[in-house]
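Heads up: the sequence lines are chains A and B, in that order.
Under numbering that gives the first Met the number 0, residues 0 to 280 are what the first sequence spells out, in order.
Under numbering that gives the first Met the number 0, residues 0 to 281 are what the second sequence spells out, in order.
What follows is a single structure, written as structure tokens, with notes after it.
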Amino acid sequence: MAGKPFDIRNIDRRIIFTLIFVAVVWPLLQPMSLPIDVSPPVQTLYDAIEAIPEGSIVMLGADYSPDTMPELQPMVDTFIRHAFERDLRIVVACLWPASPPLVETAIGPLAEEYGKEYGIDYVNLGYMAGGIVTLLGMGASIPNTYPSDYGGTPVGEIPLMQEVENFDDIAFVMEVSAGTPGTREWVQQVQGRYRVALGSGTTAVGAPNFYPYVQSGQLSGLLGGLKGAAEYETLVGHPGDATKGMDAQSVVHALVVAFILLGNVVYLLSLRSKGRAPAEA
Amino acid sequence: MTFIWTTIGAILTLSIYSFLYKDNPFYKFAEHLVVGVSAGYYLVIYYFNYIHPNVFSPVFLLEIGGEPIGFGSFLWWMALIPGLLGVLLYARFFPKIAWVGRWALGIYVGGYAGLGLSPVMQARVIEQLRANALSVAGVEDPFAAMTNLALAVGIFAAMIYLLVVKRNLGAKNPLAKVGVLVVSAVIAYGGWLVLSLISSAGVVSLTNILLVIGLLGTLSYFFFSMKHKGILGGLARVGIVFLMVGFGASFGYTVMSRISLLIGRVGFLIDWVGQIRGIFGA
Chain A
0 MAGKPFDIRN
10 IDRRIIFTLI
20 FVAVVWPLLQ
30 PMSLPIDVSP
40 PVQTLYDAIE
50 AIPEGSIVML
60 GADYSPDTMP
70 ELQPMVDTFI
80 RHAFERDLRI
90 VVACLWPASP
100 PLVETAIGPL
110 AEEYGKEYGI
120 DYVNLGYMAG
130 GIVTLLGMGA
140 SIPNTYPSDY
150 GGTPVGEIPL
160 MQEVENFDDI
170 AFVMEVSAGT
180 PGTREWVQQV
190 QGRYRVALGS
200 GTTAVGAPNF
210 YPYVQSGQLS
220 GLLGGLKGAA
230 EYETLVGHPG
240 DATKGMDAQS
250 VVHALVVAFI
260 LLGNVVYLLS
270 LRSKGRAPAE
280 A
Chain B
0 MTFIWTTIGA
10 ILTLSIYSFL
20 YKDNPFYKFA
30 EHLVVGVSAG
40 YYLVIYYFNY
50 IHPNVFSPVF
60 LLEIGGEPIG
70 FGSFLWWMAL
80 IPGLLGVLLY
90 ARFFPKIAWV
100 GRWALGIYVG
110 GYAGLGLSPV
120 MQARVIEQLR
130 ANALSVAGVE
140 DPFAAMTNLA
150 LAVGIFAAMI
160 YLLVVKRNLG
170 AKNPLAKVGV
180 LVVSAVIAYG
190 GWLVLSLISS
200 AGVVSLTNIL
210 LVIGLLGTLS
220 YFFFSMKHKG
230 ILGGLARVGI
240 VFLMVGFGAS
250 FGYTVMSRIS
260 LLIGRVGFLI
270 DWVGQIRGIF
280 GA
């Protein structure tokens, strides 16, 4: 008895998973160094940070959790590096409970690398519950909203915080977010209300929602997913995890495009064969 | 010690991905572990960040942020009342008194609506409208921006004419004649637009025009008070094209996002294998 003829429409999905896995592993083991072009939203973000006078205080809003680290941690790393290179002082404020330790893993080693001192050059205020209520509270008084830092030290005892009362003292806010509360709330409650210069880095899946804010000027720039992070790393001149991952990203995208084309060709051919069927009968 | 934790992480990662082959006990174990650990972690975080400082500490320990407060003082009541409202939310588990939960929900929804309404209008409507008053000349030309604004006003006037005047007041009404004039003005403006395109259009101006057309087309698609026929039908079809392009871009970004997570995990596994090789000197 003849076996059932092979039909690509019934292909085992595990074959597709395997191909995707190979497409990810291969470029990670054998980097191809594909070129990374910088897109305008990333360039404008970089230019906005470059335009901040040295010694200014910038805020890093870190609102993400470990599940989105592959996309967002490179943005946080690169922003901190960029700020330290430009002698900007950083205040970290989080609206997500899982964020403060993730920022700590980045800011500690970088501070050591650049010779920065906690409490003078940077401070991690940790997490505060409340979402938009916290943002509005920061508009009135940041020390009252975050009475102590991540380690429990009262902000009154932190030298850097003596210069910070509210958003008037913040030259630029970089918001790295994976969802809500995040970039949208910062745009609505802080940029719109207090006219603070605001840049953002988001997961790729959220990025299309925020590009209109770049076009309208509400955001100074936007890092969209791993590609945005890789572009930012390129501009800052320190290729990191995002740049490493872009080869794999490109190969998988090519594979997905091939799958889509194949699927459409098979679909069109199946329509054609169905059209013939009655005539042949 | 780090290696042990990395190994546990790697085993759990492989357990989760094993679901791609088929459901199995390793996947189930890892899944339940994630749910349990997450629930425990967030319970503690939320208790010590919400309930303890905002309710338990002021109401029972009589202090806020380390500062003492008086029993029955204004601040004490301001901690107690929201705390009680929070407790009322759980009334939904008792059908006979479930309705009292609506009080707390009403205050919660009302408060957030009040806080959000004005900023949302400003950030998502007014600023976006302003951003779409674009120059067609490709330069920051106030005259061109004004003509764009005139186009927007004209189109809105035409829609009002089609929707209200023609339907409800009849074509002989003087208002209808004004509407006809507005429509004529829009057509005239369209003619001018085409001429300016032919004569001096640059890339920027073409982008701006596309953006405005896309916006009007998309809005038309979601305009359900009239049948999608004639001009409105045409605009709605244009809107569908722009929507499809938007969905395609979103799909691409979603693929990128998901693959980024896979890249992160695979990178972690490669590092882990590297550590093993380092330990065993392979």
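Every residue, glycine too, gets a C-beta built ideally from N, C-alpha and C.
Treat the numbers as computed from the prediction; the structure is a model and nothing was measured.
1) According to DSSP, simplified to helix, strand and coil, what is A:Asp-62?
2) Please list, in chain order, all residues of the same chain as B:Val-58 whose beta carbon is under 8 Å from its beta carbon, the five residues on each side excluded.
3) Could you check how far apart the C-beta atoms of B:Gly-216 and B:Val-237 are, in whole angstroms? I think they sit under 8 Å.
4) Closest to A:His-237 by C-alpha separation, out of A:Leu-222, A:Ile-79, A:Arg-194 and A:Ala-50, would be which residue?
5) Within 10 angstroms of the Cβ of B:Leu-116, are there 16 or more other Cβ atoms? Answer buried if so, exposed if not.
6) Quick one: residues in its chain with C-beta nearer than 7 Å to the C-beta of A:Val-37, no 5 flanking neighbours on either side, listed in chain order?
7) If distances are taken between C-alpha atoms only, which option among B:Phe-279, B:Ser-14, B:Phe-221 and B:Thr-1 comes closest to B:His-31?
8) Strictly below 7 Å CB to CB, what residues from chain A border B:Ser-256?
9) Report the partner residues of A:Thr-201 according to the DSSP bridge assignment.
10) Checking 8 Å against the spacing of the C-beta atoms, do B:Met-255 and A:Ala-203 come in under that value?
11) Can you tell me which of B:Ser-219, B:Phe-223, B:Ile-239 and B:Ser-224 puts its alpha carbon nearest to the alpha carbon of B:Ile-230?
12) Mind listing which residues of the segment 123-149 of chain A have their C-beta closer than 8 Å to chain B's C-betas, in chain order?
13) Can you list the residues of chain B that A:Gln-29 reaches, using a CB-CB cut of under 8 Å?
14) Starting from A:Gly-244, find everything on chain B with Cβ-Cβ shorter than 8 Å and list it in chain order.
15) In chain order, what residues of the same chain have a beta carbon less than 6 Å from the beta carbon of A:Pro-65, not counting five sequence neighbours either side?
16) Taking 8 Å as the cut-off, decide whether the C-beta atoms of A:Gln-217 and B:Ala-122 are in contact.
17) Return the chain-ordered ranges of every beta strand (DSSP E) run that is complete within the segment 1-77 of chain A and spans a minimum of 3 residues.
18) Answer yes if the segment 117-130 of chain A comes into contact with the segment 37-51 of chain B, meaning at least three C-beta pairs across the two stretches below 8 Å, and no otherwise.
19) Anyone know if the C-beta pair for A:Ser-249 and A:Leu-27 falls short of 8 Å?
20) Between the C-alpha atoms of A:Ile-131 and B:Leu-114, what's the straight-line distance to the nearest angstrom?
21) May I ask you to list the residues that DSSP assigns as paired with A:Phe-290?
22) Assuming A:Pro-211 and B:Ser-249 form a contact by the criterion Cβ under 8 Å, report the distance between their Cβ atoms to the nearest whole angstrom.
23) Where does B:Tyr-111 land, buried or exposed, given buried means 16+ other C-beta within 10 angstroms?
24) Is any heavy atom of the ligand GDP found at a distance shorter than 7 Å from the C-beta of A:Ala-196?
25) Using the three-state DSSP reduction, which class does B:Gly-35 fall into: helix, strand or coil?
26) Within the 8 Å Cβ cut-off, does B:Gly-201 reach chain A?
27) Give me whichever residues DSSP pairs with A:Ile-89 in a beta bridge.
28) Leaving aside the five residues before and after A:Glu-279 along the sequence, list all residues of the same chain whose C-beta is less than 8 Å from its C-beta, in chain order.
29) Name the chain B residues whose beta carbon is nearer than 8 Å to that of A:Gly-191?
30) Could you tell me if A:Phe-83 is buried or exposed, where buried requires 16 or more neighbouring beta carbons within 10 angstroms of its beta carbon?
Per the coordinate set shown:
1) Looking at A:Asp-62 - three-state DSSP - the assignment turns out to be strand.
2) Short of 8 Å from the beta carbon of B:Val-58, and not among the five residues preceding or following it, lie these beta carbons of its own chain, in chain order: Trp-75, Ala-78, Leu-79 and Gly-82.
3) Contact flag correct, Cβ pair sits at about 4 Å.
4) It is A:Ile-79.
5) B:Leu-116 should be labelled exposed.
6) Shown here for A:Val-37: same chain residues with a beta carbon closer than 7 Å to its own, the five before and five after excluded, namely Glu-230, Thr-233 and Leu-234 in chain order.
7) Per the Cα distances, B:Ser-14.
8) Glu-70, Thr-202, Ala-203, Val-204 and Gly-224, listed in chain order.
9) For A:Thr-201, which the question treats as bridged, DSSP gives the partners A:Ser-176 and A:Gly-223.
10) Here B:Met-255 is near A:Ala-203, since their CB atoms are less than 8 Å apart.
11) Of the candidates B:Ser-219, B:Phe-223, B:Ile-239 and B:Ser-224, B:Ser-219 places its Cα closest to the Cα of B:Ile-230.
12) Under the 8 Å Cβ criterion, the segment 123-149 of chain A contributes Tyr-126, Met-127, Ala-128, Ile-131, Val-132, Leu-135 and Pro-146.
13) Within 8 Å Cβ-Cβ: nothing; A:Gln-29 doesn't reach chain B, min ~12 Å.
14) Residues of chain B passing the Cβ test: Ser-259, Ile-262, Gly-263 and Gly-266.
15) Nothing meets the Cβ criterion.
16) Less than 8 Å separates the beta-carbon of A:Gln-217 from that of B:Ala-122.
17) The segment 1-77 of chain A contains these whole beta strand (DSSP E) runs: 56-62.
18) Contact between the segment 37-51 of chain B and the segment 117-130 of chain A is present: 3 or more CB-CB pairs across the two stretches fall below 8 Å.
19) Contact: no.
20) Distance between the alpha carbons of A:Ile-131 and B:Leu-114 is about 8 Å.
21) Nothing in the structure corresponds to residue 290 of chain A, since chain A is present only between 0 and 280.
22) Not confirmed; about 13 Å, so no contact.
23) B:Tyr-111 should be labelled exposed.
24) What this structure holds is no ligand at all, so the ligand GDP is not there to describe.
25) It is helical.
26) Note that B:Gly-201 scores a pLDDT of 48, beneath 50, so its modelled location is shaky and nothing firm can be said.
27) Bridge partners of A:Ile-89: A:Val-57 and A:Tyr-121.
28) The pLDDT assigned to A:Glu-279 is 45, lower than 50, so where the model puts this residue is not dependable, and the model offers no usable value.
29) Chain B residues near A:Gly-191: Pro-118, Gln-121, Ala-122 and Glu-126.
30) Buried, since its Cβ has 16 or more Cβ neighbours within 10 Å.
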